[in-house]
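Written out below as structure tokens is the structure these notes cover.
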């Protein structure tokens, strides 16, 4: 079965284009447009990976990330922070809330797809 | 002793004369003193005026600095806002070209490719503006790590080879077979090579473009040279200045912002390196830069 990726972004155009790219690469996708919806969709859709924007209505991205990473039920789901905020301290922030990767917009499909692949199919160490 | 008649009179006269001289001198002294007092008062006033002016100047300076910061902040925000929709557009075009969004005819593909080229051009302009504003506001932070400069250069050169084929230009590369490590910011050094090579392409019709990376004891020396139209002697000192564009030609497809070389110089400066240019009209141009292997050294 295809792996499912939840896209969380309040910009509809980005979610559409991203979903189309992910589907073409063989993934299923689901979309949430704000932080609350993201939490609901995680429960309903059980995604294998989450692409998470930071500037979100209702509950902002960092909080969503922290809530999920502190929940035993969901902490195994890899989260990629995907944001236009490019300040160096943001990356540290993302790490501190337990994000698995941090990618800055603008969107470069190759970089994003490579990271998704790494997180979904980690190479065995040792 | 013989006492003459009158010496007393002479003495008195002399004393009188001295006295009047003394009085005159005193009066003069008083006048001078008063004049000096007036002058001192004047000077004092001038001093106060200067202080006021200085304060004003300081305020003006602060205002100007604030305005400059606001300008940079503005450019920063606008560039970000411009980039987001642009990347969406770019991705949609890319997906059409890759057939993800359905089949397109070869004619449609041709036009989509035109879109893609212009979107990329716009993206370059925005990147240049964003970088310049960051470099100027001092907000540019380098992410330093050990980077193989030779490998990095090879990557950039390879990305230009399709363009070299289309333009029928030869790319010569003189790279060492081994890794050449320097403590540097990878992305910005890629930018330096990209800007210099793109610049060489822009001004070269025939001949070749040569890129060299060489190991020196303390630093790594790189150059990008071309057999292009060259830069005149009077224009040479201005090449690294913002918004300077020499020999713009109508037939040049890729118009720049005039920011590329100023960005290159800023990046090299941040790495505590040096860059210089040699050129001869109608013969070619050579940009050489050196990077310290470790900027702390």
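Protein chains in written order, with this note's numbering: chain Y, 1 to 126; chain F, 127 to 423.
For every residue, glycine included, the Cβ atom is placed at its ideal position computed from N, Cα and C.
On a predicted model such as this, the values are computed, not experimentally measured, just so you know.
{"query": "Assuming residue 30 of chain Y contacts residue 4 of chain Y (C-beta within less than 8 Å), just tell me the rounded distance between them.", "result": "6 Å"}
{"query": "For the stretch 102-119 of chain Y, list every residue whose C-beta sits within 7 Å of some C-beta in chain F, in sequence order.", "result": "105, 106, 107 and 109"}
{"query": "Given residue 137 of chain F, which residues of its chain have a CB within under 8 Å of its CB, disregarding the five upstream and five downstream residues?", "result": "none"}
{"query": "Counting only beta-carbon atoms, is residue 424 of chain F nearer than 8 Å to chain Y?", "result": "In this structure chain F extends from 127 to 423, so residue 424 of chain F is not present and cannot be described."}
{"query": "Taking 8 Å as the cut-off, decide whether the C-beta atoms of residue 412 of chain F and residue 329 of chain F are in contact.", "result": "no"}
{"query": "Bridge partners of residue 223 of chain F, per DSSP?", "result": "BP columns for residue 223 of chain F are empty, so no partner."}
{"query": "Given that a residue counts as buried once 16 or more other Cβ atoms are within 10 Å of its Cβ, and exposed if not, what is residue 314 of chain F?", "result": "buried"}
{"query": "Closer than 8 Å is the cut-off here; do at least three beta carbon pairs connect the stretch 227-247 of chain F with the stretch 275-294 of chain F?", "result": "no"}
{"query": "For residue 5 of chain Y, name the three-state secondary structure that DSSP assigns.", "result": "strand"}
{"query": "Would a check of beta-carbon distances place residue 17 of chain Y closer than 8 Å to chain F?", "result": "yes"}
{"query": "Give me the Cβ distance between residue 59 of chain Y and residue 35 of chain Y, rounded to the nearest whole Å; I'm assuming they're in contact under 8 Å.", "result": "3 Å"}
{"query": "Just reading off the alpha helix (DSSP H) that residue 281 of chain F is part of, what are its end residues?", "result": "275-293"}
{"query": "With H, G and I counted as helix, E and B as strand and the rest as coil, what does DSSP make of residue 349 of chain F?", "result": "strand"}
{"query": "Under 8 Å, do residue 345 of chain F and residue 416 of chain F count as touching if we go by C-beta distance?", "result": "yes"}
{"query": "Between residue 7 of chain Y and chain F, is the shortest Cβ-Cβ distance under 8 Å, so that the two count as touching?", "result": "no"}
{"query": "DSSP three-state call for residue 416 of chain F: helix, strand or coil?", "result": "strand"}
{"query": "For residue 18 of chain Y, is the classification buried or exposed, using 16 other Cβ atoms within 10 angstroms of its Cβ as the cut-off for buried?", "result": "buried"}
{"query": "Taking the CB atoms as reference points, tell me whether residue 221 of chain F and residue 85 of chain Y lie closer together than 8 Å.", "result": "no"}
{"query": "So, using beta-carbon positions, are residue 219 of chain F and residue 248 of chain F closer together than 8 Å?", "result": "no"}
{"query": "Helix or strand or just coil, what does DSSP make of residue 55 of chain Y?", "result": "coil"}
{"query": "By the 8 Å beta-carbon criterion, what residues does the stretch 167-189 of chain F contribute toward chain Y?", "result": "none"}
{"query": "Could you please tell me which residues of the stretch 19-32 of chain Y, in chain order, have their CB closer than 7 Å to any CB of chain F?", "result": "20, 21 and 24"}
{"query": "On the premise that residue 53 of chain Y lies in contact with residue 83 of chain Y, defined as a C-beta separation below 8 Å, what is that separation, rounded to the nearest angstrom?", "result": "6 Å"}
{"query": "Using C-beta distances below 8 Å, list every residue in its chain close to residue 321 of chain F, excluding the 5 sequence neighbours before and after it, in chain order.", "result": "386, 387, 389 and 390"}
{"query": "Taking the Cβ atom as the reference point for each residue, do residue 264 of chain F and residue 295 of chain F lie within a distance shorter than 8 Å?", "result": "no"}
{"query": "Under 7 Å between beta-carbons, which chain Y residues line up against residue 206 of chain F? List them in chain order, please.", "result": "84"}
{"query": "Can you grab the Cα-Cα spacing for the pair residue 126 of chain Y / residue 366 of chain F, in whole Å?", "result": "Its pLDDT being 41, under 50, residue 126 of chain Y is placed unreliably by the model, and the measurement read from it follows with that caveat. Using only the alpha carbons, I get a separation of about 50 Å."}
{"query": "Identify the continuous alpha helix (DSSP H) that holds residue 245 of chain F and give its terminal residues.", "result": "232-263"}
{"query": "Can you give me the Cβ contacts of residue 79 of chain Y inside the same chain, cut-off strictly under 6 Å, excluding the 5 residues immediately before and after it?", "result": "50, 52, 65, 99 and 100"}
{"query": "Where do the N-terminal and C-terminal ends of the beta strand (DSSP E) with residue 83 of chain Y fall, by residue?", "result": "79-83"}
{"query": "Give the secondary structure of residue 206 of chain F by DSSP, where H, G and I count as helix, E and B as strand, and everything else as coil.", "result": "helix"}
{"query": "Hey, is residue 245 of chain F's beta-carbon within less than 8 Å of any beta-carbon in chain A?", "result": "Reference to chain A is not applicable here, since the protein chains of this structure are Y and F."}
{"query": "Alpha carbon to alpha carbon, how far is residue 168 of chain F from residue 155 of chain F?", "result": "19 Å"}
{"query": "Output the distance between the C-alpha atoms of residue 163 of chain F and residue 170 of chain F, rounded to the nearest integer angstrom.", "result": "10 Å"}
{"query": "Count the other CB atoms within 10 Å of the CB of residue 306 of chain F; is the residue buried (16 or more) or exposed (fewer)?", "result": "buried"}
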